[in-house]
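Below is one structure; the comments refer to it alone.
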Amino acid sequence: MQTSPALATWVPPESLTPSGHPIGPACDARGADWAGLHLGDSDLSEARLCRVDLRGADLSDCQLDGTDLRLARYDSATRWPEDFDFRSSGAVGPLARLSGSFLNSADLAGMDLSGAILMGAYLSGADLSGACLRGARLAGADLRHAVLRSALCEGVRFSGCQLDFADFRSAVLVDADLSTAESIRGADFTGATDLELIREALLSRPFRELDCWNPLTRRATRDSLKV
Numbered sequence: 007m008q009t010s011p012a013l014a015t016w017v018p019p020e021s022l023t024p025s026g027h028p029i030g031p032a033c034d035a036r037g038a039d040w041a042g043l044h045l046g047d048s049d050l051s052e053a054r055l056c057r058v059d060l061r062g063a064d065l066s067d068c069q070l071d072g073t074d075l076r077l078a079r080y081d082s083a084t085r086w087p088e089d090f091d092f093r094s095s096g097a098v099g100p101l102a103r104l105s106g107s108f109l110n111s112a113d114l115a116g117m118d119l120s121g122a123i124l125m126g127a128y129l130s131g132a133d134l135s136g137a138c139l140r141g142a143r144l145a146g147a148d149l150r151h152a153v154l155r156s157a158l159c160e161g162v163r164f165s166g167c168q169l170d171f172a173d174f175r176s177a178v179l180v181d182a183d184l185s186t187a188e189s190i191r192g193a194d195f196t197g198a199t200d201l202e203l204i205r206e207a208l209l210s211r212p213f214r215e216l217d218c219w220n221p222l223t224r225r226a227t228r229d230s231l232k233v
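Put into structure tokens, the structure is as follows:
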């Protein structure tokens, strides 16, 4: 059976890289790893770059008109074209504007989300372990079953957040405020640092929240808050 020419030359989107394959307008590179690459003056207009790793990449001379950057990853070392509003592009990184975004079960482990606006975002089941959330705005976010192990939550206000079964083990909670969270039912704070100022407020929550067993960590919320 003969293979069609189109199929014979087909490259999976996640394997498309500027160094190995031609890229251009409307190219499909979903899920590709372009971290640290210099993209030159590539025309990426209408390209599908969702979930592409752009951390440390240089796109400063690229054309990005209509480019799909949803869930693409960037960091403080990523270079963007002048006047390009990357913060509102749907990409994920520091200062990103992602209010109301659907990030359920997203793999955001180790991401720099400092100063990101995630108000009302859907983050249930998301992996935020080791992520930097310093100064992020999470009011009203759904963080049920989210993993925040060892996450830096400095200055984060969790007002109105759903934190049921959230995993805060070894998280850094310096200057964080969880007192106005909607619920902490089954959340685990074992080993979290800087709990001294908020421990009493958390222990005053309803017993239905505090005495709820977390099936993943095998510990009740009340026990995880004990010194």
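Numbering of the sequence shown is given in our numbering, commencing with residue 7 and proceeding in unit increments.
We put the beta carbon where it would ideally sit given N, CA and C, even for glycine.
Minimum C-alpha distance to Gln168 - residue among Arg175, Glu215, Pro87 and Ala207:
For the purposes of this step, residue 168 is taken as residue 162 along the sequence shown, with counting starting at 1. If we check each option's Cα against that of Gln168, Glu215 comes out closest.
Inter-residue Cα distance where the pair is Leu22 and Arg61
For the purposes of this step, residue 22 is identified with residue 16 of the sequence shown, where counting begins at 1. For the purposes of this step, residue 61 is identified with residue 55 of the sequence shown, where counting begins at 1. So the alpha carbons of these two residues sit roughly 16 Å apart.
Here's a check: name, in chain order, each residue in its chain whose Cβ is nearer than 6 Å to the Cβ of Ala63, leaving out the five neighbours to either side.
Reading the sequence shown from its first residue, position 57 is the one you call residue 63. If we look at Ala63 and ignore the five residues flanking it on each side, its Cβ neighbours are Trp40, Leu43 and Thr84.
Taking the Cβ atom as the reference point for each residue, do Arg175 and Gly161 lie within a distance shorter than 9 Å?
The count along the sequence shown starts at 1 and reaches residue 175 at position 169. The count along the sequence shown starts at 1 and reaches residue 161 at position 155. It is not a contact, given that the beta carbons lie outside the stated cut-off.
Tell me which residue opens and which closes the alpha helix (DSSP H) that Thr223 is part of.
Sequence index remark: in the sequence shown, residue 223 carries index 217 (1-based). That residue, Thr223, is in no alpha helix (DSSP H); it is neither H nor E in DSSP.
Complete beta strand (DSSP E) runs within the segment 62 to 103 (minimum length 3 residues, chain order):
none
Can you give me the C-alpha to C-alpha distance between Asp183 and Ser165, rounded to a whole angstrom?
By 1-based counting over the sequence shown, the position of residue 183 is 177. By 1-based counting over the sequence shown, the position of residue 165 is 159. Each residue's Cα considered, the two are about 8 Å apart.
Apart from the five residues just before and just after Val178, which ones in its own chain have a Cβ nearer than 8 Å to its Cβ?
The count along the sequence shown starts at 1 and reaches residue 178 at position 172. So the qualifying residues of the chain are Ser156, Ala157, Leu158, Cys159, Glu160, Ala198, Thr199 and Asp200.
For Glu202, tell me which candidate among Lys232, Ser25, Arg150 and Gly192 has the shortest Cα-Cα distance.
The residue labelled residue 202 in the question sits at position 196 within the sequence shown. Out of Lys232, Ser25, Arg150 and Gly192, Lys232 has the C-alpha closest to the C-alpha of Glu202.
Gly166, DSSP secondary structure in three states:
For the purposes of this step, residue 166 is identified with residue 160 of the sequence shown, where counting begins at 1. The answer is coil: DSSP assigns Gly166 none of H, G, I, E or B.
Which residues in the same chain have their Cβ closer than 6 Å to the Cβ of Ile123, if we skip the five residues on either side of it in sequence?
Position 117 of the sequence shown, counted from the start, is the residue given in the question as residue 123. Closer than 6 Å at the Cβ level, and outside the excluded window around Ile123, lie Arg103, Ser105 and Arg143.
Taking the alpha-carbon positions, what's the Met117 to Gly99 distance?
Reading the sequence shown from its first residue, position 111 is the one you call residue 117. Reading the sequence shown from its first residue, position 93 is the one you call residue 99. Answer to the nearest angstrom: the Cα atoms are 7 Å apart.
Give the straight-line distance between the Cα atoms of Ala38 and Val58, rounded to the nearest whole angstrom.
Stepping through the sequence shown from its first residue, residue 38 is reached at position 32. Stepping through the sequence shown from its first residue, residue 58 is reached at position 52. For Ala38 and Val58, the distance between alpha carbons rounds to 5 Å.
Quick check: what's the CA-CA separation for Ala172 versus Ala53?
For the purposes of this step, residue 172 is taken as residue 166 along the sequence shown, with counting starting at 1. For the purposes of this step, residue 53 is taken as residue 47 along the sequence shown, with counting starting at 1. Distance between the alpha carbons of Ala172 and Ala53: 36 Å.
Starting from the Cα of Ser130, find the closest Cα among Arg150, Gly146 and Cys33 and give me that residue.
For this step, residue 130 is matched to residue 124 along the sequence shown. It is Arg150 whose Cα lies nearest to the Cα of Ser130.
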